Every structure is written in structure tokens, then in C-alpha cells.
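Participant: The numbering of the sequence shown is the numbering used here, which starts it at 17 and goes up by one.
Quick one: structure below, then a few questions.
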Amino acid sequence: IRSLDRAIAEKRFYPQSPPSAAGMTHIPRIVRPGSDARWLAEPEQPLAAGRQSCKSLAGTQQNGFQNHFYLETMAALAVPGENRSMTLYVTTQSLADNQYNAAGLLGVAAADVRVIVSRDGGAFGGRQTRSRFVSAAAALAAWVLQQPVRLVVDRNTNFVMFGERHPFRGDYHVAVAEDGRLAGLKVDFYSNAGNTYDVSFPVMDLCLLSADACYQVDTYEVTAEVCQTNQLSNTAFRTFGSVQSTNIVETALEHAAHALGKRPEEIREKNLYRLGSRTPTGYRITEQTLDVLLAYGFAKKDVRALRPLRGKYYPDDGAFKAAVDARTSAFGATESWITLQDFSTTAYDYTPYLQSLQYCNVRRLWQECKEWSGFERRAAAVDAFNSENRFKKRGISMMPLKYGIAYTDRAGCSTKAGLT
């Protein structure tokens with residue numbers, strides 16, 4: 017199997033918790049609490065946004081591979097020492113990975129293998145898991161010969177041997193109202209992992225955790241499958257799955273914009289997460305409160321019991337607790353009561369996986385960026401140029417980006433991320 021499409025057709029998906037690594041799993045699915053389950057099951061059918069009917073659109077977008085082109089190729093210097101010890105100078109992001117791999121190969125304790133890195137000539141994920149192959153080969157040769165061995169991979173071998181950015185495919189359905197509001201979004205993500213697991217599971221996790229971008233979509237679901245193919249195993253690469261999900265989701269959004277005859281920026285701005293607020297005193301149960309409680313695993317009958325309290329204001333703990341206890345006893349435990357309190361004092365958006373966005377300034381940043389860049393003036397100039405030129409065209413685009421810090425696995429390596 018040499019293509020992602022064929023792997024999908026034949027359902028060649030890497031299983032969760034393989035026998036060789038029982039704890040290795042990935043997030044299979046994220047659904048926003050309160051989503052319309054009927055539409056998610058059959059996204060071709062109509063979905064309403066308030067009193068507006070929505071267009072339902074479907075499509076597919078793919079990302080190809082991308083090769084690491086760091087200036088310094090993979091290299092290692094292995095120096096045998098006294099008492100069955102070894103010192104490795106390696107171009108790596110993951111010192112511990114190289115240490116344990118070499119120690120296992122040589123049959124010594126990890127404490128007997130010292131790994132040193134001064135600086136790398138570029139890495140951005142390419143040296144997270146793959147540098148072990150070079151350092152292990154150098155270590156074995158140095159162990160047998162009992163003299164220092166240096167191994168530097170040539171550029172062609174480096175391209176062929178050490179993996180690439182994961183190719184992705186996303187099959188999407190999007191429901192959009194006439195005013196540009198996104199009512200529903202469903203995306204099935206597939207990645208080409210190649211012939212080993214490597215870090216393909218956490219790459220897919222970050223894809224799913226990034227897929228909501230900066231948009232509040234009431235009915236939302238993303239699913240994930242990591243595909244096995246007979247190709248070289250793919251590996252870590254800067255943004256770790258986020259760039260793939262951004263490309264696929266923004267393609268779905270642009271599809272919706274073109275179907276409505278609007279600029280994509282208009283749709284983006286319409287659906288941005290909003291800045292939150294917290295009620296300084298008192299409590300008020302909202303529809304979002306009930307959705308979140310269901311997502312946290314509270315019984316449906318107990319959540320339904322709170323429905324008559326929606327929208328009512330309770331000025332203090334005593335009044336709120338009395339009203340809740342009169343409806344259900346499910347929140348008698350301290351932890352349950354704190355959860356209910358927390359989600360009854362907030363007025364801000366959540367990601368589909370319930371990360372609160374109380375301090376989300378994306379709407380203000382969007383307006384400042386649009387004004388500072390003169391976007392509307394420049395977009396009008398682009399439209400004028402395109403209308404006057406048949407063969408030469410220009411384009412301009414503006415989109416938001418939400419990028420989380422760190423990954424879902426314990427990397428055990430040098431990683432650094434910025435907040436955009």
C-alpha cells in the first residue's frame with residue numbers, strides 16, 4: 017500500500033494500544049457538547065441556525081509530504097571510554113532517546129552512555145526520533161573497534177531515510193447560514209504514518225486539538241484515523257499536525273464563503289471566538305452550562321432537572337444551592353458542586369474539548385490587524401487589478417490562528433513552541 021487513499025479504502029488503520037506499547041493511544045474523536053447528533057450522523061441533511069436554513073456542503077482537501085531541509089545532515093561521533101562506557105556527540109533533539117537506544121544495543125546501563133549536544137544545524141522535529149539510527153550505528157562500530165567512529169549522512173541518504181511531514185486527507189461537511197454563520201462542521205482526518213508508529217499518534221492529536229481554529233461552531237465533530245502504508249515512516253515536523261488541520265478546515269470555510277458569494281474573511285470574522293467574562297457575584301445556569309455538565313458525565317436525568325432553572329439569577333451560594341437541591345441531589349458532593357458553580361458563573365466560549373477561552377482577544381486582534389494592514393483597501397485594489405487583467409491575477413488573504421503550546425505525548429526531547 018503506497019498511497020493514503022488506498023489505505024483509507026482498505027481501512028488499514030493503526031490500532032490503539034498495540035501489544036508492543038500498551039499505553040500508545042490517540043484521540044479518536046472530539047464532539048462539541050450540545051452538537052446536533054442528527055446532523056452529525058447525516059451531514060447531507062439540512063441544519064438550521066436559529067430561524068435560518070443552512071447550505072450543506074461537502075468536499076475533500078489533502079496535504080502532501082514535506083521534507084526536512086535542515087542545513088546540517090544527521091551526524092554522530094561515538095567515543096568509547098573506560099569501564100564499558102560510551103560518549104555520543106549527536107545532532108539530535110532527544111538526548112534520552114539516543115542514550116537508551118544505544119545502551120540497549122550495547123547491553124549496558126543507560127548511565128554508561130553519555131550524550132552531548134552543543135547545537136544543531138536545524139531540527140524542527142526532524143531530529144526528535146530519527147537521530148537514533150545514526151548514533152546507534154556509530155556506537156556499535158566504536159564498541160567493536162574500540163576507537164572513535166564518526167558518521168555523517170550525505171544529503172541524498174538523509175532525504176531518503178529519515179521521514180517527512182505526515183501527508184493528510186480531510187473529508188469535510190460544513191453547514192453555513194445565509195448571513196455567514198457556521199452552524200455545523202464535521203471533518204474526518206486521515207494521516208499517512210508510513211510503516212511504523214513513530215510519533216504519528218501525537219501528531220494526529222494536535223491536528224484534532226487545533227481543528228476548531230478560532231471559530232465557534234455549535235455543531236462540531238472531528239474524527240481521526242492514522243493509516244499504515246508501505247512507505248518510510250513519517251515523523252515530527254514543525255507545527256506537528258496543526259498546519260494540516262488548518263489547511264483542511266480553512267478550505268472548508270472558503271468553500272462555504274464561495275457558495276454564499278462572500279469573501280472568506282467575512283465568514284472568518286463572523287465566527288470568531290468572543291472575549292469572555294466572569295460574573296463577579298451570583299450564578300446563572302445557561303444552555304452551555306447544561307451541555308458542559310453532560311460532557312463531564314453527569315446523568316441526563318440530573319441535567320434535565322436543572323433545565324427549569326435556566327436564565328434565572330441567584331445572588332449568592334445559599335440561594336443557588338437551595339434551588340439546585342430542590343431539583344436534584346446529584347450535586348451534593350463537593351467536587352460536583354464546584355463544577356456546577358464554575359460553569360454557572362461564566363459567559364465565555366469554550367473549545368470543543370472544554371478549554372475555557374475567558375481571555376480570548378482574537379476579535380480585537382483581528383480588527384487591529386485588519387486596520388493596521390489596510391486590508392480592505394488592498395483587497396479592493398486586488399479586485400480591481402483582477403478585473404482589468406485576463407491572465408495575470410493577484411490574491412490577498414487574512415486568517416486567524418490559534419496554536420496550543422506543547423504536545424499530548426511526553427516528548428523527552430528539546431521542543432519549543434511560540435504562541436501566534
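Note that CB positions come from ideal geometry on N, CA and C, so glycine has one too.
As the structure is a computational prediction, the values presented were derived from the model and not from experiment.
Pick out the complete alpha helix (DSSP H) segments inside the segment 362–434, 4 residues or longer, and give them in chain order.
Facilitator: DSSP runs (the alpha helix (DSSP H)) wholly in the segment 362–434: 378–389, 391–404.
Participant: Considering just the uninterrupted stretch of the beta strand (DSSP E) at K202, what are its terminal residues?
Facilitator: K202 -> beta strand (DSSP E) spans 198–210.
Participant: Starting from the Cα of E88, find the closest Cα among T255, F336, L167 and give me that residue.
Facilitator: Closest option to E88, Cα to Cα, is L167.
Participant: Would you kindly work out how many angstroms separate the C-alpha atoms of Q109 and S134, rounded to a whole number?
Facilitator: Taking the straight line joining both Cα atoms gives about 11 angstroms.
Participant: Would you mind stating whether D214 and G292 have Cβ atoms separated by less than 9 angstroms?
Facilitator: No, these two residues do not count as a Cβ contact at 9 angstroms.
Participant: In or out: S216 buried (at least 16 other Cβ within 10 Å) or exposed?
Facilitator: Flag for S216 reads buried.
Participant: Going along the chain, which residues of its own chain have a beta-carbon closer than 6 angstroms to the beta-carbon of D12, five neighbours each way excluded?
Facilitator: Residue 12 falls outside the range modelled here, since the chain spans only 17 to 436, and no answer is possible.
Participant: By how many angstroms is the C-alpha of L288 removed from the C-alpha of K418?
Facilitator: Going by the C-alpha atoms only, they are around 11 angstroms apart.
Participant: Quick check: the Cα distance between T355 and F347, rounded to an integer number of angstroms?
Facilitator: Between T355 and F347, the C-alpha separation is close to 9 angstroms.
Participant: According to DSSP, which residues form a beta bridge with S72?
Facilitator: Bridge partners of S72: A191.
Participant: Would you check if there are 3 or more beta carbon pairs closer than 8 angstroms linking the segment 189–199 to the segment 168–181?
Facilitator: As far as the Cβ criterion goes, the segment 189–199 does not touch the segment 168–181, which means the pair count is below three.
Participant: By how many angstroms is the C-alpha of N99 removed from the C-alpha of A152?
Facilitator: Computed Cα separation, rounded: 19 angstroms.
Participant: For D333, which of P296, A363, R185, P324 has the nearest alpha-carbon?
Facilitator: Taking only the C-alpha atoms, the option nearest D333 is P296.
Participant: Does the beta-carbon distance from N114 to R148 come in below 9 angstroms?
Facilitator: Yes, the Cβ-Cβ distance between N114 and R148 is below 9 angstroms.
Participant: Classify L222 as buried or exposed, calling it buried when 16 or more other Cβ atoms lie within 10 Å of its own Cβ.
Facilitator: Buried: at least 16 other Cβ atoms inside 10 Å.
Participant: Quick one: what's got a C-beta closer than 6 angstroms to T431's C-beta in the same chain, skipping five residues either side?
Facilitator: Bear in mind that the predicted position of T431 carries a pLDDT of just 42, short of 50, making it unreliable; the figure below should be weighed with that in mind. The answer is none, since no qualifying residue turns up.
Participant: Note the first and the last residue of the continuous alpha helix (DSSP H) segment covering L322.
Facilitator: Looking at the DSSP string, the run of the alpha helix (DSSP H) that includes L322 is 316–322.
Participant: Report the residue from Q144, A139, T107 whose alpha carbon sits nearest the alpha carbon of I132.
Facilitator: I132 has its Cα closest to that of T107, out of Q144, A139, T107.
Participant: According to the Cβ coordinates, are R279 and R379 closer than 9 angstroms?
Facilitator: No.
Participant: Would you check if the distance between the CB atom of Y299 and the CB atom of Q374 is smaller than 9 angstroms?
Facilitator: Not in contact: Y299 and Q374 (Cβ atoms no closer than 9 angstroms).
Participant: Would you call the segment 264–271 and the segment 327–345 in contact, with 3 or more CB pairs under 8 angstroms?
Facilitator: Segments in contact, no.
Participant: Just curious, the alpha helix (DSSP H) that T267 is in, first and last residue?
Facilitator: Segment 258–276, the alpha helix (DSSP H) holding T267.
Participant: Going by DSSP, which residues form a beta bridge with I132?
Facilitator: In DSSP, I132 forms a bridge with Y105.
Participant: Where does C230 sit, in a helix, a strand or coil, going by DSSP?
Facilitator: Coil at C230, not helix or strand.
Participant: Going by DSSP, what residue range makes up the beta strand (DSSP E) through Y116?
Facilitator: Run containing Y116: none in the beta strand (DSSP E); it sits in the alpha helix (DSSP H), 111–122.
Participant: Between the C-alpha atoms of P416 and C230, what's the straight-line distance to the nearest angstrom?
Facilitator: Cα-Cα distance, rounded: 6 angstroms.
Participant: In or out: N117 buried (at least 16 other Cβ within 10 Å) or exposed?
Facilitator: With 16 or more other Cβ atoms within 10 Å, it is buried.
Participant: Please tell me whether I421 and L225 are closer than 9 angstroms, where the distance is taken between their beta carbons.
Facilitator: No, the pair does not count as a contact, with Cβ atoms beyond the cut-off.
Participant: Thinking C-beta only, is Q163 closer than 9 angstroms to P96?
Facilitator: It is a contact, given that the beta carbons lie within the stated cut-off.
Participant: For G141, is the classification buried or exposed, using 16 other Cβ atoms within 10 angstroms of its Cβ as the cut-off for buried?
Facilitator: It is buried - the Cβ of G141 has at least 16 other Cβ atoms within 10 Å.
Participant: Keeping to the same chain, check which residues put their C-beta closer than 7 angstroms to that of Y312; ignore five residues upstream and five downstream.
Facilitator: Closer than 7 angstroms at the Cβ level, and outside the excluded window around Y312, lie T355.
Participant: Span of the beta strand (DSSP E) holding A91?
Facilitator: Taken as a continuous stretch (DSSP letters only), the beta strand (DSSP E) holding A91 covers 91–96.
Participant: So, are the CB atoms of F29 and E241 less than 9 angstroms apart?
Facilitator: Yes, the pair counts as a contact, with Cβ atoms nearer than the cut-off.
Participant: Could you have a look at F359 and say whether DSSP puts it in helix, strand or coil?
Facilitator: Coil at F359, not helix or strand.
Participant: Just reading off the alpha helix (DSSP H) that R18 is part of, what are its end residues?
Facilitator: Where R18 is concerned, there is no enclosing alpha helix (DSSP H), given that its DSSP letter is neither H nor E.
Participant: Mind checking who T251 pairs with in its DSSP beta bridge?
Facilitator: Answer is none; T251 lacks a bridge partner.
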